[in-house]
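**Q** Heads up: the sequence shown begins at 1 in UniProt numbering, then just goes up one per residue.
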Amino acid sequence: MSFLDDLPFLSPDPLLSVAQQAERDHRIGKLDLTIGVYKDRSGQTPIFKSVKSAESSLVQNEITKSYLSTEGVPTFCNAIAGLILSPHDVTCNKLATVQTLGGTGALSLAGRFLSDNFPESVIWIGTPTWSNHVAVMRQCGLNVQTYARSLPTGGRNFAALMDVLTHKARRGDIILLQPICHNPTGDDWSKAEWDEITAQIVKAGLLPLVDIAYHGLGQDLASDLTRLHTLVEQTDVTLVCYSCSKNFGLYRDRVGALLVAGQSNVQPQALQSQLAAIARTNYSMPPAHGALTVGHILTTPALRQQWENEVESMQAHLHTVRTQLAAHEQIGPCNVQTIATGRGMFCMLPLPPTIIMLLRNEYSIYMADNGRINLAALNENNLPQFVALIDRVWANTHIGTMRNVNVPASL
1 MSFLDDLPFL SPDPLLSVAQ QAERDHRIGK LDLTIGVYKD RSGQTPIFKS VKSAESSLVQ
61 NEITKSYLST EGVPTFCNAI AGLILSPHDV TCNKLATVQT LGGTGALSLA GRFLSDNFPE
121 SVIWIGTPTW SNHVAVMRQC GLNVQTYARS LPTGGRNFAA LMDVLTHKAR RGDIILLQPI
181 CHNPTGDDWS KAEWDEITAQ IVKAGLLPLV DIAYHGLGQD LASDLTRLHT LVEQTDVTLV
241 CYSCSKNFGL YRDRVGALLV AGQSNVQPQA LQSQLAAIAR TNYSMPPAHG ALTVGHILTT
301 PALRQQWENE VESMQAHLHT VRTQLAAHEQ IGPCNVQTIA TGRGMFCMLP LPPTIIMLLR
361 NEYSIYMADN GRINLAALNE NNLPQFVALI DRVWANTHIG TMRNVNVPAS L
């Protein structure tokens, strides 16, 4: 008998399973809209020119591969905190910054810290959300409760969130928020809604955990941070999970940060020691290469300008795709006119599961089971075919008499 005989099989992540199915599909015309990686107009996921230049400089000048501290590369931590907090005159105290293993690592580190120190607190997460949010927080030992962020007919369910903040959440509970480029809907809270959300968080004594994975891909690098700045200027403490995967193109280099900021005047040594202790027992220290690269870009004026231009180009591509999709007005059963006003890499096409499976199996068009698509994978070459195939499959299923389904407002 083996020690491993009775191990239960755990179901794989549904999104990754679809992506793996797409990878095994070698049919001509395949379109993979699953995983959130940026693709340029030629369908490639390129290395940034600013990253290439920074890496070249690092290779030429690096003299050691010795260990770094548990908190990570100091130049990276300082530069990323400056990037997040300095575009406007933000009045807050930076309490801690720790380099993490990408955005997921930041969420995991934050979740462990919250679970260790606030074990009775509930974390509230609006759904739909990124497919890993709930799993990561439960793995950290937190009590996860969800609410419906989207209305059944499409659009933001502001009333449901306010009901949580006003009536359901207890003082000391945690609220997970995506201030920009909401994954999977692209449907961000309006400024007026965000101001009310912030005020109620403060009034209710809640702890916000903010996930920023697409900085710069909404409006621009500065504007994308205004909602976060509203939060840190009014809350006692806000935990910010930041990813460099998309806006630096460093997906597999796993570069991220956990930043803690707010109005608290507490001395940061205890907080920093808690985060360092969790990191030490988990991975000891984060990898250096990607963080050194980001730090070098952000502290070298010419490279920083080049990087900002590259992010601006990415945002422009996404905006163009949204505009082109919305111009069709109706795709299959979906009214898509409001896609143009959304932000970020994603939107959702609320197609019936039968249509999603037909597109996948018969036409090599892969999207998430919930209809989420990666807009960056579309361009002027494949977008017309994508739209035409959805229309054709919808028409051929003989269910065109069903009521139309609206894409959520402000996608």
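Idealized CB from N, CA, C, for every residue including glycine. Being a predicted model, the structure only gives us computed values, none of them experimental.
1) Name the residue from Arg27, Ser50, Pro12, Arg41 whose alpha carbon lies nearest to the alpha carbon of Asn379.
2) I'd like to know whether the C-beta atoms of Val387 and Ile297 end up nearer to each other than 7 Å.
3) Three or more C-beta pairs closer than 8 Å, one from the stretch 103-119 and one from the stretch 235-242: is that the case here?
4) Taking DSSP's pairing of strands, which residues face Phe158 in a bridge?
5) So Arg280 packs on Thr70, CB below 8 Å; how close in whole Å?
6) To which residues does DSSP link residue 428 through a beta bridge?
7) Is it the case that the stretch 179-188 contacts the stretch 268-288, given that we only count it when at least three CB pairs across the two stretches are under 8 Å?
8) Comparing C-alpha positions only, which one of Val336, Ala395, Met137 sits nearest to Ile373?
9) Can you tell me where the alpha helix (DSSP H) with Ala22 in it begins and where it stops?
10) Given a threshold of 16 other Cβ atoms within 10 Å of its Cβ, counted over all protein chains shown, does Met345 qualify as buried or as exposed?
11) Determine the direct distance from the alpha carbon of His319 to that of Tyr363, and round the result to whole angstroms.
12) Which word fits Lys39, buried or exposed, when buried means at least 16 other C-beta atoms lie within 10 angstroms of its C-beta?
13) Do Ile84 and Leu259 have their C-beta atoms closer together than 7 Å?
14) Taking Val136 as the reference, which of Glu329, Ile123, Thr341 has the closest Cα?
15) I need the DSSP call for Asp32, collapsed to helix, strand or coil.
16) With a threshold of 16 other CB atoms inside 10 Å of the CB of His317, please say whether the residue is buried or exposed.
17) Report the partner residues of Tyr242 according to the DSSP bridge assignment.
18) Which of helix, strand or coil does DSSP assign to Gln145?
19) Can you tell which of Phe248, Arg27, Ala368, Arg149 has its C-alpha closest to the C-alpha of Gln314?
20) Under the assumption that Val134 contacts Leu177 (Cβ atoms under 8 Å), give the Cβ distance between them as a whole number of angstroms.
21) Report the partner residues of Phe346 according to the DSSP bridge assignment.
22) Ignore the nearest five residues each way along the sequence and tell me which others in Ile390's own chain have a CB closer than 6 Å to its CB.
23) In the DSSP assignment, the beta strand (DSSP E) including Lys203 goes from what residue to what residue?
24) Below 8 Å on the Cβ atoms is my contact criterion, and I expect Gly82 with Val98 to pass it. Report the Cβ-Cβ distance as a whole number of Å.
25) What is the DSSP secondary structure of Lys52, counted as helix, strand or coil?
26) Measure how close the beta-carbons of Gln306 and Lys30 come, nearest whole angstrom, since I'm counting them as under 8 Å.
27) What does DSSP give as the partner residues of Val98 in its beta bridges?
28) On the three-state DSSP scale, how would you describe Thr397?
29) Could you tell me how far apart the beta carbons of Ala169 and Ala160 are, in whole angstroms, since I believe they sit closer than 8 Å?
30) In this structure, does DSSP put residue 464 in helix, strand or coil?
31) Who pairs with Leu207 in a beta bridge, going by DSSP?
32) Count the other CB atoms, across all protein chains shown, that sit within 10 Å of the CB of Gly154; report buried if there are 16 or more and exposed otherwise.
33) Kindly list the residues whose CB is nearer than 8 Å to the CB of Leu250, restricted to its own chain and excluding five residues on each side of it in sequence; keep chain order.
34) For Gly295, which of helix, strand or coil comes out of DSSP?
35) State the CB to CB distance for the pair Ala368 and Thr34, rounded to an integer number of angstroms; the pair is presumed to be in contact (CB under 8 Å).
36) Is Tyr366 helix, strand or coil when you go by DSSP?
**A** By the coordinates alone:
1) Arg41
2) no
3) yes
4) DSSP, once it has assigned bridges, lists no residue as partnering Phe158.
5) 5 Å
6) Residue 428 falls outside the range modelled here, since the chain spans only 1 to 411, and no answer is possible.
7) no
8) It is Val336.
9) 14-24
10) With 16 or more other Cβ atoms inside 10 Å of its own Cβ, Met345 counts as buried.
11) 26 Å
12) buried
13) yes
14) Ile123
15) It is a strand residue.
16) buried
17) Ile212, Ala257
18) strand
19) Sequence check: residue 314 is Met here, not Gln. Selected option, being the one with the closest Cα: Phe248.
20) Actually they do not touch by this definition, with Cβ atoms about 14 Å apart.
21) Asn374
22) Ile331, Gly332
23) Taken as a continuous stretch (DSSP letters only), Lys203 belongs to no beta strand (DSSP E), being part of the alpha helix (DSSP H) at 191-204.
24) Contact flag wrong, Cβ pair sits at about 15 Å.
25) helix
26) Not a contact, Cβ separation roughly 33 Å.
27) Leu258
28) In the structure shown, Thr397 sits in coil (DSSP, three-state: anything other than H, G, I, E or B).
29) By a beta-carbon distance limit of 8 Å, Ala169 does not contact Ala160. Their separation comes to about 12 Å.
30) No information on residue 464 is available, as it lies outside the stretch 1 to 411 that the chain covers here.
31) Answer by DSSP bridge pairing, in chain order: Ile174.
32) buried
33) Beyond the five residues adjoining it in sequence on each side, Leu250 comes within less than 8 Å, by CB distance, of Val51, Cys244, Gly290, Thr293, Val294 in the same chain, given in chain order.
34) helix
35) The C-beta separation of Ala368 from Thr34 comes to about 6 Å, placing the pair in contact by the 8 Å criterion.
36) strand
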